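The first sequence begins at 453 in my numbering and counts up one residue at a time.
All C-beta atoms in this analysis are idealised placements derived from N, C-alpha and C, irrespective of residue type, glycine included.
Note that the structure is predicted; figures quoted are calculated from it, not measured.
Reviewing the structure listed below.
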Amino acid sequence: MSDRLLAGLNDQQLAAVTLPAQPALILAGAGSGKTRVLTTRIAWLIQTHQASPQGILAVTFTNKAAKEMVARISSMLPINTRGMWIGTFHGLCNRLLRAHHRDAGLPQTFQILDTADQLSAIKRLLKANGIDDEKYPPRNLQVFISSAKESGLRSGAVEVDDPYNRKFVEFYAMYDAQCQREGVVDFSELLLRCYELLLRNEPIRTHYQERFRHVLVDEFQDTNTLQYKWLKLLAGSHNAIFAVGDDDQSIYAFRGANVGNMADFEREFRVSNVIRLEQNYRSHGNILDAANALIRHNARRLGKNLWTSEGTGEPVRVFEAGSDGLEAAWLVDEVKNLVADGLARREIAVLYRANAQSRVIEHALFNAGIAYRVYGGLRFFERAEIKHALAYLRLIENPADDTAFLRVVNFPPRGIGARTVEQLQDTAKTQDQGLYAAVGGVAGKAGVNLAAFVKLIDSLRFETANLPLAEIVEAVIDRSGLLAHYKTEKEGQERVENLEELVNAAAAFVAEEGYAQDASGTQADGAVALPSPLAAFLSHASLEAGENQAAEGQDALQLMTVHAAKGLEFHAVFITGLEEGLFPHENSIQELDGLEEERRLMYVAITRARRRLYLSFAQSRMLHGQTRYGIRSRFIGELPEAGLKWLTPRLRESAGLRFGGWHDAGVQPSVAVATPMRSHQEKDGYRIGQTVRHARFGEGVIIRLEGSGTDARAKINFGAQGVKELLLSIAKLEVA
DNA sequence: TCGGTTCAGAGTATT
DNA sequence: TCTGAACCGA
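As structure tokens, then:
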């Protein structure tokens, strides 16, 4: 039986799957069968009776990854995966906190604030305390609070070195107090509160430590400081952490991920079993050679080299365009050819560094009538009308939730203006209670309207108490007036449909019964009540915002950022906008280890391709309303020349990028195009777009010319050396 | 409460 | 250049 489970694994995969119960670190390269190893490991542990399904905890970063894991395990073993602890860090912490809310100091009905809710809570707190939001921007406070929590620090533990900093810390304390008062937790609070619960409550900690003999972690390179601390606490000194990750694919430092956790884990747990999965089952040789060669330029690595038993395949194609528009035009042509050759559009991905780059490409695709799908954008539970409906539901569940209260107190409009709300907030503050509770303290007509609102919520709560979830939602969108409001709105049709979809989502949620299992059989003392379906649904809405991509269905080209492409694979991949300043991004160059992270990002991009890889860059690009002249990304130069096939001629190897090269050579895209953009502005014989050489900074491109006479200055993009502004009378520039 | 105007900012993102 | 948020007048 176990033979079948293990059949087809290569030696390294087999070794990883069948490791003894010890701390283990699996360095899983791109396309090396990482998820297969993780899920087969779990199935093997269960099948060989080394662990029961309840004795395993597996944690991921996204709901998608968790679902995939559950699905694969289900297909391998005839067991019920429902009771298993497989989920995201946030989902599992939520589960623990629901089960032990009292010990964690939370009300049973605590609500989860998403990022937008958190920001509005911060703004409200700033206002209530008369703090200058220009001196203390809400966004900065939000980032400060989140990163403190993600480092495991409460306000009292944050080091203060100056008065400005002190104010942030003070605000952090006030914010936490407000959340506590209102019975809400933000995303990082879920983790921190759960960590503190396990840290301080010995019986609970021991209970879970004895239960989860095997703790498996996916994408370990993406863990932040707090997540690693949480894992260490949960594993205790006896349990086996099985960490799977790839330091070369660490691309989330900007949101707190600490790759250093990998090395720390190896050291702190004295990991004797570091297994490298280097055989790649995805890409052909030339693509892997490119990826390997590129990533070798990074100094800080644990070290890995991908290989394949497949052939070298096609060369990596490189295209130099005159402008971003021409790059898009070429791309459209190339896609047409691929599709004409029989390749499905969904098997082609167009990747870019920043979302803004999609516009030019979308424009070209749209005009060419090629179906495409852009990843990113508003998700279902983030839509305004859905958030409004959820706010009503939250108030039913927890009247102390002031964020929810303020969102809908006057939506749809019911004569409760800003003035009234301010009055109410003052009353609430002097009485030291929530808005809902303070309503009685407001007199006059305003008070009557407020009382009517509270009465609406109260009666909804009372009347829906024993109804099935879908009917509660239905009653709320109806009785709140939301549905009627959007029905009268000119462009409200889609919103009405979304609200109706919310009723369906509630019904589907109950049908899947995910919520009931979430809390069953998981309590330490077995005495904790199940959360109501409504509470579970609200958690679900916060923790899983829905699909982050356009509707599926038709066969469409896939457009997305490189970040969004992580974990995916396609037959053909276009990596566009490979220009200095864009990819690698100029902001990253300033950051500590920023360039290495950009290179890892490029590594991720390259390894998405199975059979065909295109790299492209443009000489000029419209950015922030200005035409910018860039030079080819250094990353292209870091790839093995032998595996590249230039679709556009390069005039002089040493000169790097030259302008109008393809024009002279007559290799034009088959679309009507203008000559590459070129400024007419000239100064002392220099012009924008011109390639020049500086003794110290090397080769660069003039991107701006200003002043005149002795004050004539040129802004020059020296690529790796950055953008410099030089006085033409002083700098000795050599025309390349 | 709406619709228009103005202004700053423009990087990647999950929960 | 374009977008979203903030702001102001009717």
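{"Item": "Beta carbon of residue 484 nearer than 9 Å to that of residue 733", "Value": "yes"}
{"Item": "Continuous alpha helix (DSSP H) stretch holding residue 463: start and end", "Value": "463-469"}
{"Item": "Straight-line gap, residue 745 to residue 755 (C-alpha atoms, nearest Å)", "Value": "12 Å"}
{"Item": "Selection from 1145, 704 and 651 that minimises the alpha carbon distance to residue 684", "Value": "651"}
{"Item": "First and last residue of the uninterrupted beta strand (DSSP E) at residue 1177", "Value": "1175-1179"}
{"Item": "Proximity below 9 Å, CB of residue 1021 to CB of residue 1060", "Value": "yes"}
{"Item": "CB contact flag (residue 800, residue 1023, <9 Å)", "Value": "yes"}
{"Item": "Candidates 997, 1065, 1084 and 694: closest to residue 735 by CA position", "Value": "1065"}
{"Item": "CB contact flag (residue 510, residue 528, <9 Å)", "Value": "no"}
{"Item": "Secondary structure of residue 694, DSSP reduced to three states", "Value": "strand"}
{"Item": "DSSP-derived helix/strand/coil call for residue 747", "Value": "helix"}
{"Item": "Contact the stretch 1032-1051 vs the stretch 813-833: 3+ CB pairs below 8 Å", "Value": "no"}
{"Item": "Beta-bridge pairing of residue 1081 - partner residues as DSSP gives them", "Value": "1072"}
{"Item": "Ranges of the alpha helix (DSSP H) found wholly within the stretch 517-581, counting only runs of at least 4", "Value": "541-551 and 567-580"}
{"Item": "Beta bridge counterpart(s) of residue 775 as assigned by DSSP", "Value": "1072"}
{"Item": "Reference residue 829; option with closest CA among 495, 1011, 772 and 738", "Value": "1011"}
{"Item": "Supposed close pair residue 674, residue 715 - CB separation, criterion 8 Å", "Value": "Contact flag wrong, Cβ pair sits at about 15 Å."}
{"Item": "8 Å CB neighbourhood of residue 832 in its chain, flanking five on each side removed", "Value": "838, 950, 953, 957, 997, 998 and 999"}
{"Item": "Three-state secondary structure assigned by DSSP to residue 730", "Value": "coil"}
{"Item": "Nearest to residue 1045 (by Cα), restricted to the options 753, 1084 and 466", "Value": "753"}
{"Item": "Reduced DSSP secondary structure (H/G/I, E/B, other) of residue 662", "Value": "helix"}
{"Item": "Segment limits, beta strand (DSSP E) that includes residue 1168", "Value": "1165-1169"}
{"Item": "Distance, residue 809 Cα to residue 1068 Cα", "Value": "13 Å"}
{"Item": "Nearest-angstrom beta carbon gap, residue 841 and residue 847 [assumed within contact, 8 Å]", "Value": "That belief does not hold up - the Cβ atoms of residue 847 and residue 841 are roughly 11 Å apart, past 8 Å."}
{"Item": "Under the three-state DSSP convention, the category residue 723 falls into", "Value": "coil"}
{"Item": "Close-in-space but distant-in-sequence residues of the same chain around residue 525 (CB under 7 Å, 5 per side omitted)", "Value": "491, 494, 495 and 533"}
{"Item": "Between the CA atoms of residue 936 and residue 912 - distance to the nearest angstrom", "Value": "17 Å"}
{"Item": "Chain-order list of residues whose beta-carbon lies under 6 Å from that of residue 1153 (same chain, five-residue window excluded)", "Value": "1081, 1083, 1143 and 1169"}
{"Item": "Outcome for residue 477 when other beta-carbon atoms lying within 10 angstroms are tallied against a minimum of 16", "Value": "buried"}
{"Item": "Bridge partner(s) assigned by DSSP for residue 508", "Value": "666"}
{"Item": "Where residue 763 falls, given that 16 or more other Cβ within 10 Å makes a residue buried", "Value": "exposed"}
{"Item": "Supposed close pair residue 672, residue 637 - CB separation, criterion 8 Å", "Value": "Incorrect: roughly 25 Å between the Cβ atoms, too far for contact."}
{"Item": "Limits of the unbroken alpha helix (DSSP H) element including residue 682", "Value": "677-687"}
{"Item": "Residue 1039 burial status per 10 Å Cβ neighbour count (16 or more: buried)", "Value": "exposed"}
{"Item": "CB contact flag (residue 563, residue 553, <9 Å)", "Value": "no"}
{"Item": "DSSP state of residue 1097 mapped onto helix, strand, coil", "Value": "strand"}
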